[in-house]
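Novice: Dumping the structure here so I can ask a few things about it.
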Amino acid sequence: MNTEMRAVALGGGHGLHATLTALRRLTDDVTAVVTVADDGGSSGRLRRELGLLPPGDLRKALAALAAADDGGARWADVFQHRFGGSGALTGHAVGNLLLAGLFEVLGDPVAGLDEAARLLGVSGRVLPMSTDPLDIEAEVTGLEPDGAVSRIRGQVAVASTPGQVQRITLHSVVPADSPGAGAGVTPAVTPPQACREAVEAVLSADVVFLGPGSWFTSVLPHLLVPELHDALVKTSATKIVILNLVPQPGETAGFSPEQHLDVLFQHAPRLGVDAVIADRDSVPTPARLHSAAAALGGRAHLASIATPGAVGRHDPDALAGCVRDALGATSAKEGLSWR
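Numbering (our numbering), first residue to last: 1084 to 1422.
Here it is in structure tokens:
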């Protein structure tokens, strides 16, 4: 009996949106596991003012998975709409505010996301990688004249650094004014705790995707949540890495495609992958990428997956086709169906 392919995609921002848009062409059973370390823009403001999960990347994932009918498409447009003007709402996305309200009213971000998914007609699910807001800290070289390693904190700071990011760590920060913290207590830094539902989704998936996206601030953070990392290592799902089309200024400037895989291995040495997808025009030395993919236990798949005339954008149909080919080549589980 054929069953729907259970796909889980981990990431954030525009990169995760690209993967989800492609996966919708293959299966209706898609779960997005989204980074929650954003500290800039509308998300950062809501995070600081309300102490909630930053909603922006969660909103984008919901919009990507919204139903294609008139109702779902309309709500997706509303979710993505940003207020203009010069008042207190300037720059806020409608979906960010709605998610913040759901988180507060329901007292549970997972329940709030499920409610928003029903509103948009999402057939899959959107989950945070942790139910606590997280902070990224990076070791960076090139900022000091003597070549010393600098430590910078915050997703915006890491994503925009003019230095070279070497390694990141991830922390859960309990605000000093949270219930039970006590007056005058400084924020507590603790190891990040995984969202239970996200761990379960990875363990029960047929195929799991990492990337594309901001490598150090959207992709790698998932590997630094201990329970999520262990689930990614343990799962029997086919594991596929999708590489970016171009290096990103600040985070991966000057990186070759294979360097992205090297950094992934440095942060998660026990993680193996079955396939690596890359745009053939973005890979100057295919042999090196094939070798790097083989070192992780997988095979590189090169195809034309960029949107013509749009720098840095994956073509959803082409990416879906390459995913289908990669699944076939890695002998995905029998009995699964995709369109």
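Where is the CB? At the ideal position from N, CA and C, for every residue including glycine.
Would you list the residues sitting across from P1340 in a DSSP beta bridge?
Specialist: Taking the first residue of the sequence shown as 1, we reach residue 1340 at position 257. DSSP lists no partner for P1340.
Novice: Who are the Cβ neighbours of R1108 in its own chain at under 8 angstroms, not counting the five residues just before and after it?
Specialist: As a working mapping, residue 1108 is identified with position 25 in the sequence shown. Only P1399, D1400, A1403 and R1422 meet the Cβ criterion.
Novice: Just to confirm the assignment, what range does the beta strand (DSSP E) spanning D1362 have?
Specialist: Here residue 1362 refers to the residue found at position 279 when the sequence shown is read from its first residue. Element bounds for D1362: A1358 to D1362.
Novice: In whole angstroms, what is the alpha-carbon distance linking D1153 and V1161?
Specialist: Indexing the sequence shown from 1 puts residue 1153 at position 70. Indexing the sequence shown from 1 puts residue 1161 at position 78. Going from the Cα of D1153 to the Cα of V1161 covers about 12 angstroms.
Novice: Tell me which residues share the same chain as A1213 and place their Cβ nearer than 7 angstroms to its Cβ, disregarding the 5 neighbours each side in the sequence.
Specialist: Translated into positions along the sequence shown, residue 1213 becomes position 130. Rather than Ala, the amino acid found at residue 1213 in this sequence is Ser. Contacts found: V1119, S1255, P1275, Q1276, A1277, C1278 and V1308.
Novice: Taking just the CA atoms, how far does L1141 sit from E1341?
Specialist: Here residue 1341 is taken as the residue at index 258 of the sequence shown, counted from 1. Here residue 1141 is taken as the residue at index 58 of the sequence shown, counted from 1. Taking the straight line joining both Cα atoms gives about 29 angstroms.
Novice: Buried or exposed, going by whether 16 or more other CB atoms sit within 10 Å of the CB of H1164?
Specialist: Translated into positions along the sequence shown, residue 1164 becomes position 81. H1164 comes out exposed.
Novice: Which stretch, first to last residue, makes up the beta strand (DSSP E) that contains H1384?
Specialist: On the sequence shown, position 301 is the one that residue 1384 refers to. Its beta strand (DSSP E) spans residues R1382 to A1386.
Novice: Which of the three DSSP states is assigned to Q1331 in this structure?
Specialist: Working through the sequence shown from its first residue, we reach residue 1331 at position 248. It is coil, neither helix nor strand.
Novice: Whose C-beta lies closer than 7 angstroms to the C-beta of G1167 among residues of the same chain, with five residues either side of it excluded?
Specialist: Taking the first residue of the sequence shown as 1, we reach residue 1167 at position 84. Within the same chain, G1167 has close Cβ partners T1173.
Novice: Answer with yes or no whether the minimum CB distance from N1327 to chain B is below 8 angstroms.
Specialist: Here chain B cannot be found, since the structure has a single protein chain.
Novice: If you draw a straight line from the C-alpha of G1096 to the C-alpha of G1184, how long is it?
Specialist: As a position in the sequence shown, residue 1096 is number 13, starting the count at 1. As a position in the sequence shown, residue 1184 is number 101, starting the count at 1. Approximately 21 angstroms, taken between the alpha carbons.
Novice: If we count the other Cβ atoms within 10 Å of its Cβ and call it buried at 16 or more, is D1362 buried or exposed?
Specialist: What you label residue 1362 is simply residue 279 of the sequence shown in a count that begins at 1. It counts as buried.
Novice: Going by the beta-carbon positions, is the gap between L1189 and V1117 smaller than 8 angstroms?
Specialist: In the sequence shown, counting from the first residue as 1, residue 1189 sits at position 106. In the sequence shown, counting from the first residue as 1, residue 1117 sits at position 34. No.
Novice: Would you say V1335 and V1241 are within 8 angstroms of each other, going by their C-beta atoms?
Specialist: Taking the sequence shown and counting its residues from 1, the one referred to as residue 1335 is at position 252. Taking the sequence shown and counting its residues from 1, the one referred to as residue 1241 is at position 158. Rather than Val, the amino acid found at residue 1335 in this sequence is Thr. Against a cut-off of 8 angstroms, the Cβ pair of V1241 and T1335 comes out as no contact.
Novice: So which of S1319, P1216, A1115 and L1293 has the shortest CA-CA distance to N1327?
Specialist: Counting from 1 along the sequence shown, the entry for residue 1327 is found at position 244. With distances taken between Cα atoms, N1327 lies closest to L1293.
Novice: Please report the residue range of the beta strand (DSSP E) in which T1102 lies.
Specialist: Here residue 1102 refers to the residue found at position 19 when the sequence shown is read from its first residue. Segment G1096 to L1106 is the alpha helix (DSSP H) holding T1102; no beta strand (DSSP E) there.
Novice: Around the Cβ of K1143, are there at least 16 other Cβ atoms within 10 angstroms (buried) or fewer (exposed)?
Specialist: Your numbering for residue 1143 matches position 60 in the sequence shown. K1143 is buried by the Cβ-count criterion.
Novice: Among A1146, L1093, P1137 and G1155, which one has its Cα closest to the Cα of G1237?
Specialist: Within the sequence shown, residue 1237 is the residue found at index 154, counting from 1. G1237 has its Cα closest to that of P1137, out of A1146, L1093, P1137 and G1155.
Novice: Tell me the rounded alpha-carbon separation between E1132 and V1282.
Specialist: By 1-based counting over the sequence shown, the position of residue 1132 is 49. By 1-based counting over the sequence shown, the position of residue 1282 is 199. Straight-line Cα distance between these residues: approximately 29 angstroms.
Novice: Tell me which residue opens and which closes the beta strand (DSSP E) that E1220 is part of.
Specialist: Here residue 1220 corresponds to residue number 137 of the sequence shown, with the count starting at 1. Residues L1217 to T1224.
Novice: Following the continuous alpha helix (DSSP H) through P1309, name the residue where it begins and the one where it ends.
Specialist: Stepping through the sequence shown from its first residue, residue 1309 is reached at position 226. Its alpha helix (DSSP H) spans residues P1309 to K1317.
Novice: Please classify R1208: is it buried, with 16 or more other beta-carbons within 10 angstroms of its beta-carbon, or exposed?
Specialist: On the sequence shown, position 125 is the one that residue 1208 refers to. When all chains shown are included, R1208 counts as buried.
Novice: Please specify which runs of the alpha helix (DSSP H), each continuous and at least 4 residues long, are wholly inside the stretch 1140 to 1221, giving them in chain order.
Specialist: Entirely contained in the stretch 1140 to 1221, the alpha helix (DSSP H) runs reaching 4 residues are, in chain order, 1153 to 1163, 1177 to 1189 and 1192 to 1203.
Novice: May I ask you to report which of helix, strand or coil DSSP gives R1407?
Specialist: The residue labelled residue 1407 in the question sits at position 324 within the sequence shown. Looking at R1407 - three-state DSSP - the assignment turns out to be helix.
Novice: List the whole-angstrom C-beta distance separating S1339 from D1364, where the pair is believed to meet the contact cut-off of C-beta under 8 angstroms.
Specialist: Residue 1339 sits at position 256 when you count from the first residue of the sequence shown. Residue 1364 sits at position 281 when you count from the first residue of the sequence shown. The Cβ separation is near 14 angstroms, so there is no contact.
Novice: For V1316 and L1372, what's the separation of their Cα atoms in angstroms?
Specialist: By 1-based counting over the sequence shown, the position of residue 1316 is 233. By 1-based counting over the sequence shown, the position of residue 1372 is 289. Approximately 22 angstroms, taken between the alpha carbons.
Novice: Assuming L1354 is part of the beta strand (DSSP E), what are its boundary residues?
Specialist: Sequence index remark: in the sequence shown, residue 1354 carries index 271 (1-based). From DSSP, L1354 is part of no beta strand (DSSP E); its letter is neither H nor E.
Novice: How far does the alpha helix (DSSP H) with R1234 in it reach, from first residue to last?
Specialist: Sequence index remark: in the sequence shown, residue 1234 carries index 151 (1-based). Segment S1233 to R1236 is the beta strand (DSSP E) holding R1234; no alpha helix (DSSP H) there.
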